[in-house]
Structure formats: C-alpha cells, structure tokens
Amino acid sequence: MSVPCKNDKQARFKQFLQRLSEDKDVGRGAVKPTHSLSELLLFAGYNPNGEAIDMARLVTLLLRTQGLEGCSEQMVEHVLNGGSIEGFFLTNECKS
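The following block contains the structure:
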C-alpha cells in the first residue's frame with residue numbers, strides 16, 4: 004500500500020471542502036466558528052510545542068472532547084462517501 008502523495012492529499016481535501024459546502028447542515032449555518040485557533044488548541048489539550056499544527060490531529064482531539072469515537076480521517080471518508088457531518092456525528096457517538 005503506497006502513501007498518498009501531497010497532490011493526492013490536496014485533491015482529497017479540496018473534494019472534502021467541496022462536499023462540506025454542499026452539506027445542508029453546514030450550509031445553513033448550523034456550524035459556526037466561534038473560537039479562535041488558540042482556544043481550540045487549549046480546549047483539545049493539544050500543545051504543538053513550537054511545531055506546525057497538525058490540523059487532522061486537532062480535529063480528532065476536538066471530536067474526542069465532544070464524545071465522538073471517530074477520527075478526522077474517518078470524518079473525511081464519511082463525507083467523501085456522500086455522508087453528512089450530522090450523520091458522522093450520529094454514527095460516531097461514544098456508546099459508553
């Protein structure tokens with residue numbers, strides 16, 4: 004199994020953003036950014052120690068703080084396969 008090249012990752016991310024823009028829950032303003040990046044880092048308990056912020060890791064940590072079992076990669080896959088953000092949240096709630 005080969006590691007996706009940078010261009011492949013960029014194309015997937017662009018497609019992911021396109022799908023998000025088509026998501027009725029995101030498009031109608033159900034999701035609004037209300038926190039700064041520094042607040043999100045603090046809330047997630049993520050300290051990049053002077054290195055570049057790994058946004059995938061940050062999103063995964065934020066998902067965990069919201070009681071979700073899925074990670075950022077699973078969220079991307081879910082959306083790219085035609086799912087919605089709301090659907091991802093519903094199917095990844097912690098069962099405990």
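FYI, in our numbering the residues of the sequence shown are 4 to 99.
Using N, Cα and C, we set each Cβ at its ideal position, and we do this for glycine too.
Short of 8 Å in beta carbon distance, which residues of its chain neighbour residue i, apart from the five on each side in sequence? Order them along the chain.
i: Val82; result: Phe19, Arg22, Leu23, Asp26, Ile88 and Phe91
Using the three-state DSSP reduction, which class does residue i fall into: helix, strand or coil?
i: Glu89; result: helix
i: Glu96; result: strand
With 16 other CB atoms within 10 Å as the buried threshold, where does residue i fall?
i: Met78; result: buried
i: Leu71; result: buried
i: Leu40; result: exposed
i: Asp45; result: Reading off the sequence, residue 45 comes out as Leu, not Asp. Exposed.
Under the assumption that residue i contacts residue j (Cβ atoms under 8 Å), give the Cβ distance between them as a whole number of angstroms.
i: Ser75; j: Thr94; result: Contact flag wrong, Cβ pair sits at about 15 Å.
i: Ala47; j: Thr68; result: 6 Å
i: Tyr49; j: Leu61; result: 6 Å
From this set, the options, which residue's C-alpha is nearest residue i's C-alpha?
i: Gly86; options: Lys12, Leu61, Asn10 and Val29; result: Val29
i: Gly73; options: Glu96, Asn10 and Asn52; result: Glu96
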